[in-house]
Amino acid sequence: MIDLARKGPPGLSERFRARPPRSMFFFLFPTLGDAVVMTGPLGWFRRRYPEARIVVATSALARPILEACPFVDEVWLRPRSRIAAMLGFVARLRRERFDLGINTYGQNNGLLMMGLGRMGAIVGMKTSKYARFYDAWDESNPDENLVVEGMARIARMVDVEPGDWRPAFTIPPEMAQGAREWLVAEGLGPGEPYVAIQVGASNPNKAWPLARFLEIAARVEAAGVRCVYVGGPAEASALAAVGKGRGLNLAGKLEVLETAEVLRGARLLVTNDSGPMHLAGGVGTRCVAIYGPTRPINHPPYGEGHVLIPGACACARKDQDSCLGTCIAAVGVGEVWQGIEHALNT
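Under the numbering used here, the residue at position 210 of the sequence shown is numbered 500, and the numbers go up by one with no gaps.
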């Protein structure tokens, strides 16, 4: 297929300018962090085509964030990678007859289902298969914010002007209240400052050693600031051995939007490259983030004032899934502590 990157084929933008799409479908990457980041760019499309119905497909984990996004009309769950589930998803797409489909992150199965779903036009990131279904595609640059910059070029293909990518989601009052009640129940005093800590990541090779997080927590509490652990069931299991005096453990106890509220109240978040990192950026909380086989330039949290610590991993430009995790393990406690002190004092 010829490379239609950057601008798309002749006439595609003009086509939508003359006849705006009435419905748009976005096939999103399943991780929480990518869902958070995409809520901003979805606003670009909403502002350009305010009458269009916007439907997104994501994972159960990320669903609450998209349901809380003001630019989304409906959230579907991505099907499992099984023939029957995928065929059912294709049938659903055919019934809807979307005018425009957007395949974020170059997902092969997503493009296949969208292509078979008989959409008016399909654009997205380059895939290794099924490129014949694309009307236009773009190839990511390894030295850019992979989601935001790629989506900006895709947006221009269909006459959408990119803008700020500030994450857009609303925390319902009951979720905010629930988060505050959890903090009080775990022993945080009224107005008591705290630092949030996220010890896990979507891939184990992106996780800094747990023992070092515990050492950081001990230092933070020794400095007179409480620590609050956040995360899901995996983090809850890993933190089961954390004893009294090393922080309040809310991992595995909170809904996603409750976690966002806890992060909003924190002085900062100490984290791996993870979904909570992007949640924190979305609610205006600074991060001290430790990277391994991923790079800060590719996956930064939104906003300013973050301290992003790279692991100098060769895998960041190659195959992240094959990384053994030695790069992130080379990041020392002293380097992270220095970043925390800088963030707390500026």
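Ideal Cβ placement from N, Cα and C applies to all residues, glycine included.
At least three beta-carbon pairs within less than 8 angstroms, the segment 616-630 to the segment 493-512: yes
Range of the contiguous alpha helix (DSSP H) that encloses asparagine 398: Residue 398 sits at position 108 when you count from the first residue of the sequence shown. Note, asparagine 398: alpha helix (DSSP H), 398-406.
Member of Pro354, Thr329 and Leu500 whose CA lies at the smallest distance from the CA of phenylalanine 361: Locating residue 361 in the sequence shown gives position 71, counting from the first residue. Comparing alpha carbon positions, the residue from Pro354, Thr329 and Leu500 closest to phenylalanine 361 is Thr329.
Assigned exposure category for isoleucine 580 - 16 Cβ within 10 Å defines buried: In the sequence shown, residue 580 corresponds to position 290, counting from 1. Isoleucine 580 is buried by the Cβ-count criterion.
Per-residue burial, isoleucine 373 [other beta carbons within 10 Å of its own, 16 or more giving buried]: Within the sequence shown, the letter at position 83 stands for residue 373. With fewer than 16 other Cβ atoms within 10 Å, it is exposed.
Selection from Pro499, Ala325 and Pro331 that minimises the alpha carbon distance to leucine 547: Against the sequence shown, residue 547 aligns to sequence position 257. Leucine 547 has its Cα closest to that of Ala325, out of Pro499, Ala325 and Pro331.
Close beta carbons around glutamate 304, own chain, < 8 angstroms, minus the five adjacent residues each side: Counted from its first residue, the sequence shown places residue 304 at position 14. Around glutamate 304: Asp449.
The ligand MN heavy atom lying under 6 angstroms from the CB of proline 369: This structure simply doesn't include the ligand MN, nor any ligand for that matter.
Cβ neighbour criterion (16 or more within 10 Å) applied to glutamate 471: Within the sequence shown, the letter at position 181 stands for residue 471. That one is exposed.
Straight-line gap, proline 494 to glycine 629 (C-alpha atoms, nearest Å): Here residue 494 is taken as the residue at index 204 of the sequence shown, counted from 1. Here residue 629 is taken as the residue at index 339 of the sequence shown, counted from 1. The alpha-carbon atoms of proline 494 and glycine 629 are separated by roughly 23 angstroms.
Alpha-carbon to alpha-carbon, proline 369 and glycine 378: The count along the sequence shown starts at 1 and reaches residue 378 at position 88. The count along the sequence shown starts at 1 and reaches residue 369 at position 79. Glycine 378 and proline 369: Cα-Cα distance of roughly 8 angstroms.
Spatial distance of alanine 513 from leucine 390 (CA atoms): Mapped onto the sequence shown, residue 513 falls at position 223. Mapped onto the sequence shown, residue 390 falls at position 100. Roughly 53 angstroms separates the two Cα atoms.
Pairwise C-alpha distance: valine 597 and tryptophan 627: Residue numbering aside, residue 627 sits at position 337 when the sequence shown is read from its first letter. Residue numbering aside, residue 597 sits at position 307 when the sequence shown is read from its first letter. The straight-line gap from Cα to Cα measures roughly 11 angstroms.
Same chain only: Cβ atoms within 6 angstroms of alanine 295, ignoring 5 sequence neighbours per side: Here residue 295 corresponds to residue number 5 of the sequence shown, with the count starting at 1. At alanine 295 the pLDDT is 43, less than 50, meaning the model places this residue with poor confidence; the figure from the coordinates comes in the next sentence. Taken in chain order, the residues that qualify are Asp428 and Glu429.
7 angstroms Cβ cutoff met for tryptophan 455 and proline 331: Your numbering for residue 455 matches position 165 in the sequence shown. Your numbering for residue 331 matches position 41 in the sequence shown. Yes, the pair counts as a contact, with Cβ atoms nearer than the cut-off.
Entirely enclosed beta strand (DSSP E) segments - the segment 569-620, minimum 3 residues: 577-580 and 597-599
Minimum C-alpha distance to proline 320 - residue among Gln397, Ile344 and Met376: As a working mapping, residue 320 is identified with position 30 in the sequence shown. Checking every option, the nearest Cα to that of proline 320 belongs to Gln397.
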